[in-house]
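In the UniProt record's numbering, the protein residues as written are 1 to 326.
Written below as structure tokens is the structure these notes are about.
Right, here's the structure in full:
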């Protein structure tokens with residue numbers, strides 16, 4: 001088993017290397033970045049790397065990619081990582097990663113949960129370096145604006161959240177009880193809203209095109225046009241904004257090709273998926289989907305709507321157009 005003291009390196013060719021300094025040998029080369037890798041750090045059994053395309057990746061020492069997150073909309077210049085004790089009553093620790101970039105923001109992540117915990121704003125220029133202390137919980141950042149800042153790594157979620165970019169909002173959905181709403185944008189950012197305040201945020205893999213509440217605490221997300229994922233929304237009765245959380249449960253489907261829509265079936269237990277092949281598929285979370293309807297039109301994508309009492313409606317704006325009731 002490799003030790004955490006083994007050095008790691010990164011390259012403009014998109015590769016990450018793990019080395020044995022005593023033998024002067026490369027133990028492994030990790031390939032997966034689509035652009036130059038700007039920083040890499042090893043923390044016990046994990047290797048964290050960030051790219052100029054804004055991607056954050058976590059690997060094990062065998063080179064297996066554990067997660068890949070579009071962490072920034074622009075280049076990431078540096079990263080730092082540490083192990084953070086889990087909440088009271090939970091054993092072990094969680095990998096905490098800090099990414100900083102040309103957008104002037106420092107972002108804190110639990111990457112193995114695909115969860116962004118905080119966005120730290122304050123620099124007026126690109127951030128070039130970051131370091132975090134496991135013992136004191138203090139984060140140090142340096143910027144091209146000439147400033148150096150010390151931050152206390154927050155233990156709780158912020159009461160308010162400042163959107164990280166003016167990216168277009170591409171999907172919104174209200175929870176079944178109307179107490180909270182979710183939104184998703186073009187950069188893959190999920191935001192949970194309560195009483196006109198953004199109370200939690202997370203990063204989905206790719207731009208978000210559809211959101212569906214499966215239950216009061218479960219959100220279904222269609223992202224990158226092909227990934228259907230299930231997210232857990234944790235709320236507490238009478239909670240303050242700091243008690244909301246949003247994290248990935250599991251990826252339900254990612255090999256169905258281009259998907260144009262997702263909706264909750266009238267039975268309230270199944271999902272309906274519309275694909276680019278003009279087929280309508282039905283699946284229960286965790287099961288394989290099955291085709292329940294196919295269109296004869298080959299040029300126009302379908303628009304999907306469902307109603308608990310009236311069933312499924314499919315609209316195709318073809319020539320001639322058609323409205324189908326299933």
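Note that CB positions come from ideal geometry on N, CA and C, so glycine has one too.
Keeping to the same chain, check which residues put their C-beta closer than 7 Å to that of residue i; ignore five residues upstream and five downstream.
i, result
"residue 239", "A caution first: residue 239 carries a pLDDT of 47, below 50, which makes its placement in the model too unreliable to give a value."
"residue 145", "123, 124, 125"
"residue 97", "48, 56, 79, 81, 109, 111"
Excluding the 5 residues preceding and the 5 following residue i in the sequence, name in chain order all residues of the same chain whose CB lies nearer than 8 Å to its CB.
i, result
"residue 43", "4, 81, 82, 83, 95"
"residue 11", "17, 36, 37"
"residue 25", "19"
At the level of alpha carbons, what is the spacing between residue i and residue j?
i, j, result
"residue 181", "residue 287", "27 Å"
"residue 140", "residue 168", "31 Å"
"residue 229", "residue 179", "22 Å"
"residue 231", "residue 67", "16 Å"
"residue 121", "residue 103", "10 Å"
"residue 133", "residue 152", "10 Å"
"residue 220", "residue 112", "19 Å"
"residue 304", "residue 260", "For residue 304, the predicted model reports a pLDDT of 49, less than 50, meaning its position is unreliable; a value from the coordinates is still stated below. Roughly 9 Å separates the two Cα atoms."
"residue 284", "residue 263", "12 Å"
"residue 158", "residue 215", "Legend: pLDDT at residue 158 = 42, less than 50; position of this residue unreliable, no value from coordinates given."
"residue 171", "residue 271", "17 Å"
"residue 58", "residue 28", "15 Å"
"residue 249", "residue 202", "12 Å"
"residue 191", "residue 9", "34 Å"
"residue 129", "residue 64", "27 Å"
Which first and last residues belong to the beta strand (DSSP E) in which residue i is found?
i, result
"residue 70", "65-70"
"residue 225", "Unbroken run through residue 225: none, as it is neither H nor E."
"residue 289", "First-last for residue 289: undefined, no H or E at that position."
"residue 113", "Looking at the DSSP string, residue 113 is not in any beta strand (DSSP E), and its letter there is neither H nor E."
"residue 94", "93-101"
"residue 191", "189-194"
"residue 275", "271-275"
"residue 61", "Segment: none, residue 61 is in no beta strand (DSSP E) and carries neither H nor E."
"residue 143", "138-143"
"residue 28", "25-31"
"residue 198", "197-203"
Determine the closest residue to residue i out of the options, with distance taken between C-alpha atoms.
i, options, result
"residue 258", "226, 138, 268, 120", "226"
"residue 7", "73, 14, 45, 34", "45"
"residue 54", "255, 107, 171, 176", "107"
"residue 75", "191, 218, 101", "101"
"residue 213", "193, 207, 173", "173"
"residue 207", "199, 265, 222", "222"
"residue 330", "52, 71, 41, 293", "Given a span of 1 to 326 for the chain in the structure shown, any question on residue 330 remains unanswerable."
"residue 62", "293, 187, 52, 30", "30"
Considering only residues of the same chain and omitting the five flanking positions on each side of residue i, which have a CB-CB separation below 6 Å?
i, result
"residue 148", "142"
"residue 39", "50, 78, 79"
"residue 163", "With a pLDDT of 45 at residue 163, under the threshold of 50, the modelled position of this residue cannot be trusted; read the value that follows with caution. Closer than 6 Å at Cβ, skipping near neighbours: no residue."
"residue 224", "205, 206"
Measure from the C-beta of residue i to each C-beta in chain D and report whether the shortest distance is under 8 Å.
i, result
"residue 263", "Absent from the structure is chain D; it holds one protein chain and no more."
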